[in-house]
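J.: Quick one: structure below, then a few questions.
2 protein chains.
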Amino acid sequence: MAKASTKATAQPAPKVDKPKTSATAKPKTRTNDPDRTRANIIEVATHEFSEKGLSGARIDEIAERTQTSKRMIYYYFESKEGLYRAVIENSYRRIRSIEATLDLEHKPPLEALAQHVRFTFDYQLANPDFIRLVMVENIHHGAHVAQFSPEQLDSMGDISTLHSIIKRGIAEGVMRKDIDPVDLHMSISALCFFNVANRHTFSTIFKVDMATPAATAARRESVADTIVRSVTL
Amino acid sequence: MAKASTKATAQPAPKVDKPKTSATAKPKTRTNDPDRTRANIIEVATHEFSEKGLSGARIDEIAERTQTSKRMIYYYFESKEGLYRAVIENSYRRIRSIEATLDLEHKPPLEALAQHVRFTFDYQLANPDFIRLVMVENIHHGAHVAQFSPEQLDSMGDISTLHSIIKRGIAEGVMRKDIDPVDLHMSISALCFFNVANRHTFSTIFKVDMATPAATAARRESVADTIVRSVTL
DNA sequence: CACGCAATGAACGAACTAGTACATGCTAGG
DNA sequence: CCTAGCATGTACTAGTTCGTTCATTGCGTG
Chain A
7 MAKASTKATA
17 QPAPKVDKPK
27 TSATAKPKTR
37 TNDPDRTRAN
47 IIEVATHEFS
57 EKGLSGARID
67 EIAERTQTSK
77 RMIYYYFESK
87 EGLYRAVIEN
97 SYRRIRSIEA
107 TLDLEHKPPL
117 EALAQHVRFT
127 FDYQLANPDF
137 IRLVMVENIH
147 HGAHVAQFSP
157 EQLDSMGDIS
167 TLHSIIKRGI
177 AEGVMRKDID
187 PVDLHMSISA
197 LCFFNVANRH
207 TFSTIFKVDM
217 ATPAATAARR
227 ESVADTIVRS
237 VTL
Chain B
7 MAKASTKATA
17 QPAPKVDKPK
27 TSATAKPKTR
37 TNDPDRTRAN
47 IIEVATHEFS
57 EKGLSGARID
67 EIAERTQTSK
77 RMIYYYFESK
87 EGLYRAVIEN
97 SYRRIRSIEA
107 TLDLEHKPPL
117 EALAQHVRFT
127 FDYQLANPDF
137 IRLVMVENIH
147 HGAHVAQFSP
157 EQLDSMGDIS
167 TLHSIIKRGI
177 AEGVMRKDID
187 PVDLHMSISA
197 LCFFNVANRH
207 TFSTIFKVDM
217 ATPAATAARR
227 ESVADTIVRS
237 VTL
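What follows is the structure, given as structure tokens:
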């Protein structure tokens, strides 16, 4: 459980150094570090909630796995739901910040689209906690996401990358003119999401191990191909 | 252990064969009717679990909405998990029994495939409880589905309809020869599933109402089209 | 027709769980 | 260096929640 470096999980809090506590301070004394504490709590809670759901997660258990105590959870987040909200918000923010670091602007549109799909596929695969959190949230009818601010929602729903790919595709005459970006995005999300979200029941029922590198690679190409085909003339 | 009867479970349980319980029984006296009681409990529990998850559902609440008491839940299902298992099993059984009542054998392969997709789409849309239950189960890593018998799993994974459509499609030269039926099924499931499972967060983030008839119809066709395109030459 | 077993009900309790009261250490500003 | 207020830890409580105990009623059958 040693989770030392977790610094900027919650926010870019410049907590740099803490010379105060006698530079030579030993682990004996307590060191107040709000940002770190918050970040640590969110990190632990993210995993707990994604693993057991909102009602299944236990505050006491989260507190135990934290470097601090239950008291701090209520001090910073007020309630179990407050913590859950912070977790969801933090997860969405992280996902957003990492996406779109891809350079697709000067590749042929269809190739760019395929790349975009593969990236999405791999990213979701690499972040099962986020996927599970989205499932949990939908079981709750998206009630907490609905509380987000308009700005937050806007940035979460930013699919400008896809827009520009489609635009170029149409301009270059390699894509249908009637593509609905949101509809396309939904298809991409659906295919990538399912791969992570439902892998357990699907693997069990169809007796395949979706987790092997070979199966993953094959599925990744299948999804990319399916999407590319859906936009061509 | 009281695995006594496993016949009529939840559903329009028309109280089929029930010669024993004096057919003329009046509402005044208590009428022992195990099957009906079981079915009633499962019905209520299905909704509760799908709405709140395994840990979120409350046995007391389920009991209240039942025509019987909590005592009966434990009498028939032993535990909360036992009830949950029965609910999952029953749901999968229902889904299976209704599917494949479609006559697709003498339609052109591609048309048959499109129909099959539309049917799946509509069916999942009409059964959100089942979809949500599958989500809940996957959050639990499919641990309970994994306990099903091989026979149960076999019938749940029966995609012979799809197999035969593909077979005809290839024979008639209108489909690719290298289609993997399970892979195709996964794509169909993914696209249909997402439409119900993630509608809340998706609608909120992208500011669209996925529930309108128009949006539903459009999405249905988009999904059918995407799948059909994915198998053509 | 009575007897054993299945089905049912009401109330109870032990364990758990979210949240809090109280006490105290730490850091910064004057 | 001293005080105010933020940060933290400990111990506790009030309210749930699953599951059970004890008792009773209906049903089929010998």
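Protein chains in written order, with the working numbering: chain A, 7 to 239; chain B, 7 to 239.
Where a beta carbon is used, it is the ideal one built from N, C-alpha and C, also for glycine.
(1) Quick check: the region 162 to 169 of chain A against the region 160 to 175 of chain B, are there 3 or more CB pairs under 8 Å?
(2) Using a 10 Å radius around the Cβ and a threshold of 16 neighbouring Cβ atoms, would you call A:Thr43 buried or exposed?
(3) How many whole angstroms separate the CB atoms of B:Arg174 and A:Arg235, which I take to be in contact at a CB cut-off of 8 Å?
(4) Within 10 angstroms of the Cβ of B:Ala220, are there 16 or more other Cβ atoms? Answer buried if so, exposed if not.
(5) Measuring only between beta-carbons, confirm whether A:Thr207 sits less than 7 Å from chain B.
(6) Taking Cβ-Cβ distances below 9 Å as the criterion, which residues of the region 129 to 157 of chain B are in contact with chain A?
(7) Tell me which residues of the region 164 to 179 of chain B have at least one Cβ-Cβ distance to chain A shorter than 9 Å, keeping chain order.
(8) Looking at chain B, is there any beta carbon in it that lies within less than 7 Å of the beta carbon of A:Asp184?
(9) Return the CA-CA distance between A:Lys86 and A:Ala152, expressed in angstroms with no decimal places.
(10) Say whether the region 131 to 142 of chain A touches the region 70 to 83 of chain A, bearing in mind that this needs 3 or more beta-carbon pairs closer than 8 Å, one atom from each stretch.
(11) Of all Cβ atoms in chain A, is any one closer than 7 Å to the Cβ of B:Val234?
(12) Have a look at A:Met181 and A:Leu239 and give me their C-alpha separation to the nearest angstrom.
(13) Using a Cβ-Cβ cut-off of 7 Å (strictly less than) and excluding sequence neighbours within five positions of A:Arg102, which residues of its own chain qualify?
(14) Using the beta-carbon of each residue, which ones in chain B are nearer than 8 Å to A:Asp215?
(15) State buried or exposed for B:Lys183, treating a residue as buried only when at least 16 other CB atoms are found within 10 Å of its CB.
(16) Between the alpha carbons of B:His122 and B:Arg225, how many angstroms are there, rounded?
(17) Use the C-beta contact count for A:Ala92: other C-beta atoms within 10 angstroms, 16 or more gives buried, fewer gives exposed.
(18) If you draw a straight line from the C-alpha of A:Ala149 to the C-alpha of B:Ala203, how long is it?
(19) Whose Cβ in chain A lies nearer than 9 Å to the Cβ of B:Asn96?
(20) Measuring only the C-alpha atoms, how far is A:Ser209 from A:Met216?
(21) Helix, strand or coil, according to DSSP, for A:Gln130 in the structure here?
(22) Any idea if B:Gly59 is buried or exposed, counting beta-carbon neighbours within 10 angstroms, 16 or more meaning buried?
(23) Would a C-beta distance cut-off of 7 Å place B:Phe127 and B:Val237 closer than the cut-off?
(24) Among B:Pro134, B:Asn96, B:Glu67, B:Gln130, whose alpha-carbon lies nearest the alpha-carbon of B:Ser56?
(25) Whose CA, out of B:Val142, B:Ser155, B:Ile211, lies closest to the CA of A:Phe154?
(26) State the DSSP-derived secondary structure class of A:Ile79, mapped to helix, strand or coil.
(27) Given B:His53, which residues of its chain have a CB within under 8 Å of its CB, disregarding the five upstream and five downstream residues?
(28) Of all the CB atoms in chain A, is at least one closer than 7 Å to the CB of B:Ile211?
(29) Near A:Ile233, which residues of its chain fall below 8 Å by C-beta distance, leaving aside the five closest residues on each side in sequence?
(30) Among the candidates A:Ile176, A:His206, A:Ile171, whose CA atom is the shortest distance from the CA of A:Leu108?
(31) With 16 other CB atoms within 10 Å as the buried threshold, where does B:Ile2 fall?
(32) May I ask you to report which of helix, strand or coil DSSP gives B:Glu117?
(33) Taking only beta-carbon atoms, is B:Val188 less than 7 Å away from chain A?
(34) Tell me which same chain residues have a C-beta within less than 6 Å of the C-beta of A:Lys32, skipping the five on either side of it?
(35) What residues from chain B crowd round A:Ala230, counting only those whose CB sits closer than 7 Å?
(36) Is any heavy atom of the ligand PLP found at a distance shorter than 6 Å from the C-beta of B:Ser195?
T.: The relevant details are as follows:
(1) Remark: fewer than three beta-carbon pairs, one from each stretch, lie closer than 8 Å, so the region 162 to 169 of chain A and the region 160 to 175 of chain B are not flagged as touching.
(2) Buried, by the Cβ-count rule.
(3) A Cβ-Cβ distance of about 21 Å is found for the pair B:Arg174 and A:Arg235, leaving them out of contact under the 8 Å criterion.
(4) Exposed.
(5) Yes - at least one Cβ of chain B is within 7 Å of the one on A:Thr207.
(6) Going along the region 129 to 157 of chain B in chain order, one finds Arg138, Val140, Met141, Val142, Glu143, Asn144, Ile145, His146, His147, Gly148, Ala149, Val151, Ala152, Phe154 with a Cβ nearer than 9 Å to chain A.
(7) Taking 9 Å as the Cβ-Cβ cut-off against chain A, the residues of the region 164 to 179 of chain B that qualify are Ile165.
(8) Closer than 7 Å: no.
(9) A direct Cα-Cα distance of roughly 17 Å separates A:Lys86 from A:Ala152.
(10) By the criterion of at least three beta-carbon pairs nearer than 8 Å, the region 131 to 142 of chain A is not in contact with the region 70 to 83 of chain A.
(11) Put simply, the CB of B:Val234 is far from chain A, with every gap to its CB atoms at 7 Å or more.
(12) Straight-line Cα distance between these residues: approximately 6 Å.
(13) Excluding positions up to five away in sequence, the list reads Ser161, Met162.
(14) Result: empty, since nearest Cβ-Cβ is about 12 Å, beyond 8 Å.
(15) Looking at its Cβ environment, which holds fewer than 16 other Cβ atoms inside 10 Å, B:Lys183 is exposed.
(16) A direct Cα-Cα distance of roughly 15 Å separates B:His122 from B:Arg225.
(17) So A:Ala92 counts as buried.
(18) A direct Cα-Cα distance of roughly 14 Å separates A:Ala149 from B:Ala203.
(19) None at all; the shortest Cβ gap to chain A is about 15 Å.
(20) Distance between the alpha carbons of A:Ser209 and A:Met216: 6 Å.
(21) Helix.
(22) Per the 10 Å Cβ criterion, buried.
(23) Pairing B:Phe127 with B:Val237 gives a Cβ-Cβ distance that is not under 7 Å.
(24) By alpha-carbon distance to B:Ser56, the top candidate from B:Pro134, B:Asn96, B:Glu67, B:Gln130 is B:Pro134.
(25) Among B:Val142, B:Ser155, B:Ile211, the Cα nearest to that of A:Phe154 belongs to B:Ile211.
(26) In the three-state scheme derived from DSSP, where H, G and I count as helix and E and B as strand, A:Ile79 is classed as helix.
(27) Contacts found: Asp135.
(28) Cβ-Cβ to chain A under 7 Å: yes for B:Ile211.
(29) So the qualifying residues of the chain are Leu119, Ala120, Val123, Leu190, Ser193, Ile194, Leu197.
(30) Closest by alpha carbon: A:Ile171.
(31) This structure cannot speak to residue 2 of chain B, because chain B is shown only from 7 to 239.
(32) Under the three-state reduction of DSSP, B:Glu117 is assigned to helix.
(33) Yes, because at least one Cβ of chain A sits closer than 7 Å to the Cβ of B:Val188.
(34) Any reading at A:Lys32 must be qualified, since the residue scores a pLDDT of 35, below 50, and its modelled position is unreliable; no value is offered.
(35) Ordered by position in chain B, no residue passes the 7 Å Cβ test against A:Ala230, which lies about 11 Å from the chain.
(36) What this structure holds is no ligand at all, so the ligand PLP is not there to describe.
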